[in-house]
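K.L.:
In the working numbering, the protein residues as written are 3 to 141.
1. Which parts of the stretch 41-120 are runs of the beta strand (DSSP E), unbroken and 3 residues or longer, counting only runs that do not cross its ends?
2. Residues in the same chain with beta-carbon distance under 7 Å from residue 121, minus the five sequence neighbours each way, listed in chain order, please.
3. Relative to the C-alpha of residue 70, which candidate in 106, 38, 52, 81 has its C-alpha closest?
4. I need the straight-line Cα distance from residue 36 to residue 119, nearest angstrom please.
5. Could you check if residue 81 is buried or exposed, using at least 16 other CB atoms within 10 Å of its CB as the buried criterion?
6. Please classify residue 133: does DSSP put it in a helix, a strand, or coil?
7. Quick check on the burial criterion: 16 or more other C-beta atoms within 10 angstroms. Buried or exposed for residue 117?
8. Ignore the nearest five residues each way along the sequence and tell me which others in residue 60's own chain have a CB closer than 6 Å to its CB.
9. Is the CB-CB distance between residue 127 and residue 52 below 8 Å?
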């Protein structure tokens, strides 16, 4: 099964991970910097499913663009695993702590993220042989 993270979208503490095989996927302007102002979602033909998760309220989710007006990163760099895409942190005694298990890259297996005790599965859809995937392929 293709269960590697190949793209993501983040809204607050909810994340949609697009799943497939990392390495050759592409999207509009994936070679442009900064990704957060230029890059589109991974093209549909690479998506084999998706997984929506929620992260506990006490955790902050940072992405590679946080702290920059215009990050020095592209989605191509993410695909090539040159940078992390997301970081989970929690404050402990007023100090932010980052968990090494909460540093996520393209190519990571979704099952690894689902094992984190502060992550909740909301929905997981696999497109293989699904009616939804057949409809997407015919569009």
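Just so it is clear, CB atoms sit at the ideal spot from N, CA and C, and this is done for glycine as well.
P.N.:
Inspection of the coordinates gives the following:
1. The beta strand (DSSP E) runs of length 3 or more contained entirely in the stretch 41-120 are, from start to end of the chain, 51-57, 61-65, 88-94, 97-106.
2. For the purposes of this step, residue 121 is taken as the residue at position 119 of the chain shown. The residues are 55, 57, 115.
3. Position 68 of the chain shown, counted from the first residue, corresponds to residue 70. The shortest C-alpha separation from residue 70 is found at 38.
4. Locating residue 36 in the chain shown gives position 34, where the first residue counts as 1. Locating residue 119 in the chain shown gives position 117, where the first residue counts as 1. Those two C-alpha atoms are separated by around 32 Å.
5. Taking the chain shown and counting its residues from 1, the one referred to as residue 81 is at position 79. With 16 or more other Cβ atoms inside 10 Å of its own Cβ, residue 81 counts as buried.
6. Counting from one through the chain shown, the residue named residue 133 turns up at place 131. Confidence at residue 133 is low in this model, with a pLDDT of 49, below 50, so its placement is unreliable and the value that follows should be read with caution. Residue 133: helix per DSSP, three-state reduction.
7. Numbered from its first residue, the chain shown carries residue 117 at position 115. That one is exposed.
8. For the purposes of this step, residue 60 is taken as residue 58 along the chain shown, with counting starting at 1. Correct list, in chain order: 92.
9. Here residue 127 is taken as the residue at index 125 of the chain shown, counted from 1. Here residue 52 is taken as the residue at index 50 of the chain shown, counted from 1. For residue 127 and residue 52, yes; Cβs fall inside 8 Å.
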